[in-house]
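*Asks:* First, the structure itself, so that you have it in front of you.
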Amino acid sequence: MTHAPTRKPRLAVFKFASCDGCQLSLLDCEDELLTVAGLVEIAMFPEASSRMQPGPWDIALVEGSITTPHDAERIRQVRRDCTTVVTIGACATAGGIQSLRNWGQHEEFLRCVYARPEYISSLSTSTAIAEHIPVDYELRGCPVNRQQLLEVILALVAGRKPRLPAHSVCLDCKRKGTVCIEVSRGVPCLGPITQAGCGAICPSFDRGCYGCFGPALQANCGSLTNHFLDTGSAPKTLLPLLRNYNAAAPAFREQSDRLEQLAQAVSGKVDSAVE
Amino acid sequence: MTLDAPNLLKMLASTRFAEGLTHQDLQSLGRAARLLEVPAGHVLFREGQREDAVFVVFSGHVRLSMKVPGRGDITILTAGPGDLVGWSGLISDGIMTATATTTDFCRLLALSSTQLKQSCDADPQLGYVLMKRLAQVISRRLVATRIQLLDVFAERRNHS
Amino acid sequence: MTESAAVPGIVAPAMNSGDSSDFIGNRRPESFLLRDDLQLLMRRLQEDGYTIVGPKVDQDAIVYGELTGVSDLPQGWTDQQQPGKYRLVPRDDQRMFGYVPGPHSWKQFLFPPSAIVATAQRVGSSWQMSTQDEPAPRYAFLGVRSCELSAIAIQDKVFLGGAFVDPHYEQRRDAVLLIAVNCTQAAPVCFCTSMKTGPRCQSGFDLALTEIDTGFLVEIGSERGRLLVEALPLRPAVSEEIRAGERGRADAERQVTKQMNTEGLHDLLLEQLKSPHWETVAERCLSCTNCTMVCPTCFCSSVTEVSDLSGDRVQRERQWDSCFNVDFSRVNGIPSRDSISSRYRQWLTHKLATWQDQFGTSGCVGCGRCITWCPPGIDLTEEVRTLRQLAESPQLTAAIGETASSSLPPNTAPQNTTEGRG
Amino acid sequence: MAATCEPNQNPWLSHSVRIAGITREIPGVLTLDLEFEDSARAATWAFRPGQFTMLYVPGVGESAISISGDAADTGRIRQTIRDAGNVTHSLTGLPIGATIGLRGPFGSSWPVDECRGRDVILVAGGIGLAPLRPVIYHMLHHRQQYQELTLIVGARDPALLLYPGEFEHWRTQGLNIIPTVDHADESWRGGVGVVTTVLERLWLRSPAETMLMTCGPEVMMWYTMQTALGRGIPAGSLFLSMERNMNCAIALCGHCQFGPYFLCREGPVFRFEQLRSILRIDDL
Numbered sequence: 033m034t035h036a037p038t039r040k041p042r043l044a045v046f047k048f049a050s051c052d053g054c055q056l057s058l059l060d061c062e063d064e065l066l067t068v069a070g071l072v073e074i075a076m077f078p079e080a081s082s083r084m085q086p087g088p089w090d091i092a093l094v095e096g097s098i099t100t101p102h103d104a105e106r107i108r109q110v111r112r113d114c115t116t117v118v119t120i121g122a123c124a125t126a127g128g129i130q131s132l133r134n135w136g137q138h139e140e141f142l143r144c145v146y147a148r149p150e151y152i153s154s155l156s157t158s159t160a161i162a163e164h165i166p167v168d169y170e171l172r173g174c175p176v177n178r179q180q181l182l183e184v185i186l187a188l189v190a191g192r193k194p195r196l197p198a199h200s201v202c203l204d205c206k207r208k209g210t211v212c213i214e215v216s217r218g219v220p221c222l223g224p225i226t227q228a229g230c231g232a233i234c235p236s237f238d239r240g241c242y243g244c245f246g247p248a249l250q251a252n253c254g255s256l257t258n259h260f261l262d263t264g265s266a267p268k269t270l271l272p273l274l275r276n277y278n279a280a281a282p283a284f285r286e287q288s289d290r291l292e293q294l295a296q297a298v299s300g301k302v303d304s305a306v307e
Numbered sequence: 321m322t323l324d325a326p327n328l329l330k331m332l333a334s335t336r337f338a339e340g341l342t343h344q345d346l347q348s349l350g351r352a353a354r355l356l357e358v359p360a361g362h363v364l365f366r367e368g369q370r371e372d373a374v375f376v377v378f379s380g381h382v383r384l385s386m387k388v389p390g391r392g393d394i395t396i397l398t399a400g401p402g403d404l405v406g407w408s409g410l411i412s413d414g415i416m417t418a419t420a421t422t423t424d425f426c427r428l429l430a431l432s433s434t435q436l437k438q439s440c441d442a443d444p445q446l447g448y449v450l451m452k453r454l455a456q457v458i459s460r461r462l463v464a465t466r467i468q469l470l471d472v473f474a475e476r477r478n479h480s
Numbered sequence: 003m004t005e006s007a008a009v010p011g012i013v014a015p016a017m018n019s020g021d022s023s024d025f026i027g028n029r030r031p032e033s034f035l036l037r038d039d040l041q042l043l044m045r046r047l048q049e050d051g052y053t054i055v056g057p058k059v060d061q062d063a064i065v066y067g068e069l070t071g072v073s074d075l076p077q078g079w080t081d082q083q084q085p086g087k088y089r090l091v092p093r094d095d096q097r098m099f100g101y102v103p104g105p106h107s108w109k110q111f112l113f114p115p116s117a118i119v120a121t122a123q124r125v126g127s128s129w130q131m132s133t134q135d136e137p138a139p140r141y142a143f144l145g146v147r148s149c150e151l152s153a154i155a156i157q158d159k160v161f162l163g164g165a166f167v168d169p170h171y172e173q174r175r176d177a178v179l180l181i182a183v184n185c186t187q188a189a190p191v192c193f194c195t196s197m198k199t200g201p202r203c204q205s206g207f208d209l210a211l212t213e214i215d216t217g218f219l220v221e222i223g224s225e226r227g228r229l230l231v232e233a234l235p236l237r238p239a240v241s242e243e244i245r246a247g248e249r250g251r252a253d254a255e256r257q258v259t260k261q262m263n264t265e266g267l268h269d270l271l272l273e274q275l276k277s278p279h280w281e282t283v284a285e286r287c288l289s290c291t292n293c294t295m296v297c298p299t300c301f302c303s304s305v306t307e308v309s310d311l312s313g314d315r316v317q318r319e320r321q322w323d324s325c326f327n328v329d330f331s332r333v334n335g336i337p338s339r340d341s342i343s344s345r346y347r348q349w350l351t352h353k354l355a356t357w358q359d360q361f362g363t364s365g366c367v368g369c370g371r372c373i374t375w376c377p378p379g380i381d382l383t384e385e386v387r388t389l390r391q392l393a394e395s396p397q398l399t400a401a402i403g404e405t406a407s408s409s410l411p412p413n414t415a416p417q418n419t420t421e422g423r424g
Numbered sequence: 013m014a015a016t017c018e019p020n021q022n023p024w025l026s027h028s029v030r031i032a033g034i035t036r037e038i039p040g041v042l043t044l045d046l047e048f049e050d051s052a053r054a055a056t057w058a059f060r061p062g063q064f065t066m067l068y069v070p071g072v073g074e075s076a077i078s079i080s081g082d083a084a085d086t087g088r089i090r091q092t093i094r095d096a097g098n099v100t101h102s103l104t105g106l107p108i109g110a111t112i113g114l115r116g117p118f119g120s121s122w123p124v125d126e127c128r129g130r131d132v133i134l135v136a137g138g139i140g141l142a143p144l145r146p147v148i149y150h151m152l153h154h155r156q157q158y159q160e161l162t163l164i165v166g167a168r169d170p171a172l173l174l175y176p177g178e179f180e181h182w183r184t185q186g187l188n189i190i191p192t193v194d195h196a197d198e199s200w201r202g203g204v205g206v207v208t209t210v211l212e213r214l215w216l217r218s219p220a221e222t223m224l225m226t227c228g229p230e231v232m233m234w235y236t237m238q239t240a241l242g243r244g245i246p247a248g249s250l251f252l253s254m255e256r257n258m259n260c261a262i263a264l265c266g267h268c269q270f271g272p273y274f275l276c277r278e279g280p281v282f283r284f285e286q287l288r289s290i291l292r293i294d295d296l
């Protein structure tokens with residue numbers, strides 16, 4: 033139950049390495065935006081308004097991952113300035129698609145992309161916010177689900193914990209009546225190991241879940257990977273499934289590393305066969 | 321205070337510690353025992369000091385405490401009727417590991433550990449029975465201490 | 003298992019006439035409905051105000067949904083099933099019911115995946131609480147298999163048999179008309195004969211059909227069923243038709259090859275609660291909830307709050323939930339089954355053992371859905387077989403105990419909507 | 013076995029109750045006095061000691077809360093709540109006059125009738141005293157029907173003992189109360205140690221004629237049972253109250269299953285014999 037607040041909670045949105053899509057989910061709450069604006073004071077939201085007010089803030093929505101030494105310092109300041117820190121989206125919660133750099137040659141990338149790489153100051157990794165500071169709530173997804181975003185804001189305003197599912201996408205597929213495409217068509221689908229929250233969209237459009245909400249609680253990623261391999265998927269075709277938006281989430285990372293080794297072993301065999 | 325031997329034996333036999341001991345065992349114990357009646361606040365022994373007596377609480381309660389620098393005298397256990405306190409004397413050098421203070425009027429049986437040890441050495445059968453009894457007491461106290469350590473009443477807030 | 007899972011005395015709603023005894027254990031001679039006249043039956047149902055739900059092809063599978071007429075039926079289609087695999091394939095004939103139960107079950111209509119059970123409306127400084135009493139849909143189920151009749155009977159015990167009756171289930175159940183269809187084929191995952199739930203429909207239906215090439219043998223199961231076919235051009239079945247029907251039903255029975263030994267299963271499973279085998283299953287189990295979702299008897303649910311933005315109007319929404327979810331069961335807010343092995347153990351022992359204690363019947367009807375629709379294809383009959391072997395051989399148990407690895411540790415915190423007692 | 017709380021009623025229906033009083037007990041724990049807004053429902057309200065209700069804060073959710081008041085006091089329902097999760101946090105923040113929902117009472121109850129003519133020991137740990145308080149009220153109202161009545165009550169430290177203000181009154185009415193805490197300073201006059209230590213040395217008139225009821229953390233209850241058995245109290249005379257999350261309270265949702273039981277239906281109060289073989293199985 034809402035207690036009459038003495039003042040509206042002050043909300044700030046911070047951006048790190050990201051595409052801004054998750055922040056836009058907030059602006060995308062067209063019907064509800066006015067209500068939200070009535071419940072909180074949007075004190076800093078560069079994507080929406082150039083009017084920026086100084087901290088401290090009650091609620092921080094943090095988008096994006098940490099990819100530069102400067103950002104690594106800046107996020108610590110955010111933590112100091114904000115009572116509740118909510119990370120939003122796959123970048124902030126797992127490092128995002130840009131965490132693919134974690135497997136690459138950082139220096140080489142810099143040389144290829146920038147004429148004067150010596151002016152670039154970046155880290156060789158893209159990491160989740162929670163690897164740098166304690167985080168109060170995590171909103172998964174690429175992008176986040178706007179209903180979940182609203183739920184978090186409403187819950188924090190009401191002084192309760194947000195209701196965020198910890199179950200797999202499969203449960204939501206079944207509630208919707210969506211037939212399991214993994215079983216009925218043999219489409220590799222990350223649903224069984226992916227946290228729900230998206231509304232199980234992809235399988236209802238005949239597309240395997242690509243895990244944009246990251247690993248579910250206690251996800252048994254090893255078993256699912258084994259199953260895909262046993263039913264004829266090649267390691268190199270499975271690799272991109274696990275290594276995308278949530279590539280750096282530990283449960284996914286562990287299996288993609290394993291697949292990479294397997295793929296190398298296979299290609300090694302192929303190479304020697306060709307020779 | 322003195323008590324005639326038969327009454328002392330009767331009293332000893334009625335304690336939980338002595339439950340099920342043979343008459344012969346009881347007599348051996350009784351020879352080492354004397355009755356003690358003390359008011360509240362009486363210190364039976366102090367942490368770090370040598371003490372010859374082992375006490376069986378007959379009635380009343382005894383507070384066992386340890387000094388913690390900066391926190392004062394911390395009670396670790398309250399012993400009550402049937403409990404044995406000060407058993408360090410029976411199994412080691414007699415240096416007490418805690419301070420024992422009565423919290424109310426107490427009737428205790430004080431047994432001389434020197435005498436008891438001598439009896440046990442002379443009669444290994446008695447020694448075995450007594451040490452087994454002691455081991456049970458200590459084991460029960462260990463289990464209780466473990467439960468206490470588990471801190472089962474600690475607030476466990478839901479994850480957030 | 004000590005008693006048959008096929009519940010003969012199905013709860014009253016399907017047979018609301020007084021003379022249902024005529025139809026139980028005393029089969030009437032079968033009548034015959036020509037293939038082309040099935041449309042008449044469906045039209046009759048629609049005229050009587052029923053919404054017909056039954057099999058249709060959708061999403062590369064034979065699913066259950068609303069039917070407008072015979073043309074919606076999966077005529078000429080069948081399925082191939084094995085652990086972890088389902089394929090829709092064409093038949094070489096024009097059978098309408100020539101398939102084995104697929105991903106859906108009738109529970110989605112009697113116990114919908116999502117339903118509003120109560121509402122609260124702010125009125126001044128107070129709240130007005132009410133329950134949702136919308137009129138229940140009037141369904142006619144077409145194509146209910148024998149195992150599915152048993153599943154409905156089991157859910158009847160869950161929702162209607164206790165001290166508290168679920169009004170939502172009751173309303174839907176009261177209104178439903180059950181037209182069963184006998185199986186004439188079985189899948190490799192079927193084991194209804196072990197659970198004594200099939201393949202032949204025994205009771206609990208209004209009508210039971212057996213499909214042969216030219217049409218349907220019709221068995222009447224209730225007064226409601228009799229009234230329904232009164233206006234239809236039924237004629238007594240001729241011996242050739244009867245024989246064809248018997249052949250089809252015998253084919254199904256013969257094709258059920260999977261077996262589960264239910265003898266003493268209740269005690270056996272409860273004596274194996276500490277078996278290391280649960281860890282072995284947990285290496286494969288995804289804890290994804292699929293088996294519980296496709297199971298026609300699983301009834302777990304959660305009620306959550308759905309409020310409008312102002313918070314003045316709140317709906318209490320009941321949704322399907324699963325014992326495979328980490329935060330499903332808690333002590334003091336802390337998950338009480340915090341490993342995949344403990345959750346699989348809960349599911350299997352509930353389904354096959356403690357269900358008996360709770361409802362006097364097994365929770366399994368042998369339909370095989372949990373085997374087909376488990377992505378890695380975990381087969382409960384195999385797990386039961388292994389547990390039985392282990393029970394009989396302590397040496398084997400010790401050997402497994404040494405190699406079993408523990409399941410994965412939790413990585414994030416659960417969120418709670420309700421909590422334990424204060 | 014639970015009886016239907018209201019025959020022919022939709023079991024999902026919450027009744028509006030108004031918070032008529034709030035008693036702050038110990039940090040994070042308070043007792044609400046609740047009154048039905050509907051006088052007809054108030055007239056039919058009755059519960060048995062050990063039962064619980066589902067308290068509902070619209071928009072936040074429901075929580076199973078044990079009834080801690082006097083069954084003879086039909087005018088109001090007293091429930092003691094610990095701020096532990098979303099719903100209880102919300103419940104503990106409401107002002108007097110606020111309206112919440114209530115369903116119930118649900119569940120099994122303590123064997124107050126079976127205890128007649130016998131010695132009774134209650135062993136409570138922490139907030140576990142809440143569901144036992146109705147037993148105390150009942151037995152003290154009918155004091156002559158029982159023999160020796162003992163309450164062993166444990167807490168983390170003296171400041172966390174529940175209902176200490178009532179102890180003196182209960183003592184004068186014939187309840188032997190032995191408080192014991194895990195930690196205390198010199199000012200504490202009661203015992204230090206766990207409840208099992210107290211039970212270990214409690215004088216028993218006749219173990220075979222003694223009944224014991226306990227509520228508290230599962231570990232505490234398990235060792236209490238072991239100690240009681242060691243003291244010669246028959247297994248059939250031992251009772252405990254269990255806790256799991258409850259969602260529906262009417263044995264339809266599956267959440268509170270523990271072995272063959274629904275805690276909301278066969279529980280929360282069990283005879284120890286019912287749980288003996290499953291209580292110490294990990295993650296059941």
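Protein chains in written order, with the numbering used here: chain A, 33 to 307; chain B, 321 to 480; chain C, 3 to 424; chain D, 13 to 296. A virtual CB, placed ideally from N, CA and C, is assigned to each residue, including glycine.
Under 9 Å, do L273(A) and P220(A) count as touching if we go by C-beta distance?
*Replies:* yes
*Asks:* So, helix, strand or coil for V363(B), using DSSP?
*Replies:* The answer is strand: DSSP assigns V363(B) an E or B state.
*Asks:* Looking only at C-alpha atoms, which of P272(D), A142(D), R128(D) and R183(D) sits nearest to L172(D)?
*Replies:* A142(D)
*Asks:* At the level of alpha carbons, what is the spacing between L346(B) and A455(B)?
*Replies:* 18 Å
*Asks:* Classify G27(C) as buried or exposed, calling it buried when 16 or more other Cβ atoms lie within 10 Å of its own Cβ.
*Replies:* Bear in mind that a pLDDT of 45 at G27(C), under 50, signals an unreliable position, so the number given afterwards is only what the model happens to contain. Exposed is the call here.
*Asks:* Ignore the nearest five residues each way along the sequence and tell me which others in G200(C)'s own chain have a CB closer than 6 Å to its CB.
*Replies:* S148, C149 and C194
*Asks:* Is it right to say N257(D) is buried, meaning 16 or more other beta carbons lie within 10 angstroms of its own, or is it exposed?
*Replies:* buried
*Asks:* Just to confirm, is the Cβ distance from H89(A) to A126(A) under 9 Å?
*Replies:* Looking at the sequence shown, residue 89(A) is not His but Trp. The answer is no: Cβ separation not under 9 Å.
*Asks:* How should I415(B) be labelled, buried or exposed, when 16 other C-beta atoms within 10 angstroms of its C-beta is the threshold for buried?
*Replies:* Looking at its Cβ environment, which holds fewer than 16 other Cβ atoms inside 10 Å, I415(B) is exposed.
*Asks:* Name, please, each residue of chain C whose Cβ falls closer than 7 Å to the Cβ of I262(D).
*Replies:* Chain C residues near I262(D): F166.
*Asks:* Rounded to whole angstroms, how far is the Cβ of L144(D) from the Cβ of T65(D), which I believe are closer than 8 Å?
*Replies:* Not a contact, Cβ separation roughly 16 Å.
*Asks:* Rounded to whole angstroms, what is the Cα-Cα separation between L90(C) and G104(C)?
*Replies:* Taking the straight line from one Cα to the other gives about 10 Å.
*Asks:* Please report the distance separating the alpha-carbon of Q257(C) from that of A187(A).
*Replies:* Put simply, the backbone Cα of Q257(C) is about 55 Å away from that of A187(A).
*Asks:* Count the other CB atoms within 10 Å of the CB of D94(C); is the residue buried (16 or more) or exposed (fewer)?
*Replies:* By the 10 Å Cβ count, D94(C) comes out exposed.
*Asks:* Let me know the secondary structure DSSP gives S289(D) once reduced to three states.
*Replies:* coil
*Asks:* Roughly how far, in whole angstroms, is the beta-carbon of F2(C) from the beta-carbon of L144(C), given that I think they are within contact range, below 8 Å?
*Replies:* What is shown of chain C runs 3 to 424, which leaves residue 2(C) out entirely.
*Asks:* Would you identify the three-state DSSP class for M416(B), choosing helix, strand or coil?
*Replies:* coil
*Asks:* Is the Cβ of K40(A) closer than 9 Å to any Cβ of chain C?
*Replies:* no
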